[in-house]
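Residue numbers (numbering that gives the first Met the number 0): 0 to 236. For glycine and all other residues, C-beta sits at the position ideal for the given N, C-alpha and C.
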Amino acid sequence: MPPFVKYILIITSVTLTLIFLIIFVPVYKAAKTIDSLNNSIPRITSIMRYNGDTLDYECYPIPIDSISPHLIRAVIISEDIAFFRHHGIDWAELKIVIRQDITRKGFYRGGSTITMQLARLLFLSPRKTPLRKVKEILIAKILERKLSKRRILELYLNLVEWGPHIYGAQAASMHYFGIPASKLTRKQACALAAVLPSPKKWNPLNPSKGVEKRIQIIYERLIKYEQKFPEKLWKTM
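If you want it as structure tokens, here you go:
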């Protein structure tokens with residue numbers, strides 16, 4: 000065997016081994032803990048550790064029945080309108096995002112479903128890389144297989160970042176509006192849903208013009224949906 004061929008084979012083998020370790024080892028570790036999520040909500044997540052929020056942070060997990068239906072619907076409208084139709088990945092949306100990122104030569108939109116976001120906040124980091132996206136997809140498929148849609152949404156709403164050191168619907172509702180998550184109005188729910196893409200920069204109480212427009216769009220869609228299907232979303236859970 001010529002030396003250069005042997006060299007190429009060694010490099011290829013090492014590269015494939017590294018890719019396997021980088022992708023599949025974290026996915027395997029995550030898969031071993033997912034069953035426990037049916038019965039408990041983690042006190043510390045990967046995103047909390049990344050942010051340094053392991054001691055001083057606000058997070059008050061509550062049952063999904065104690066969260067305003069307005070907020071549940073607003074979050075789905077804002078973050079993942081196909082949530083009840085896909086199995087963890089919205090392939091149509093992901094293809095659009097990949098094309099846009101390739102055209103713009105950067106990572107501008109995430110294209111992550113609620114399930115993929117849950118995978119990230121539980122087990123991964125917020126750094127945008129192709130390898131992280133692959134891990135997100137693999138873990139999301141496991142989450143969808145082992146957890147119900149209702150449970151996935153319950154975990155997400157209790158653990159998603161909603162501002163500096165603020166995690167979950169109850170903590171966000173108390174911090175910004177001084178009321179429990181069960182009492183949120185439509186407008187308050189839409190304000191909270193609108194800031195999810197950038198919770199450290201956007202504030203529901205002091206929104207920029209862009210965020211105000213986003214709040215209004217979510218609000219109009221929420222009104223239209225609730226008038227047309229007042230119980231549909233809740234029953235699907």
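Assigned secondary structure, residue i (DSSP; H/G/I helix, E/B strand, else coil)
i, result
"Tyr56", "coil"
"Trp90", "helix"
"Ile113", "helix"
"Gly209", "helix"
"Lys227", "helix"
"Ile214", "helix"
"Ile80", "coil"
"Ile165", "strand"
Candidates the options, of which the one nearest residue i by Cα
i, options, result
"Asp64", "His86, Arg72 and His85", "Arg72"
"Glu135", "Ser147, Thr114, Leu152 and Ser45", "Thr114"
"Ser197", "Thr11, Phe122 and Arg213", "Arg213"
"Gly167", "Ile46, Lys186 and Ser35", "Ile46"
"Ile95", "Leu152, Gly110, Ile178 and Ala30", "Gly110"
"Gly162", "Lys208, Ile217, Thr53 and Lys199", "Lys199"
"Trp201", "Ser181, Ile40 and Ala171", "Ala171"
C-alpha gap between residue i and residue j, whole angstroms
i, j, result
"Ile33", "Leu156", "17 Å"
"Leu204", "Tyr56", "20 Å"
"Leu130", "Ile22", "7 Å"
"Leu121", "Trp90", "22 Å"
"Val13", "Gly51", "33 Å"
"His85", "Pro206", "31 Å"
"Phe176", "Ile18", "45 Å"
"Ile75", "Leu36", "21 Å"
Buried or exposed by the 16-neighbour rule on C-beta atoms within 10 Å, applied to residue i
i, result
"Thr16", "exposed"
"Gln116", "buried"
"Thr112", "buried"
"Phe82", "buried"
"Tyr27", "exposed"
"Pro60", "buried"
"Glu219", "exposed"
"Tyr49", "exposed"
"Ile10", "exposed"
"Gly87", "buried"
"Arg119", "buried"
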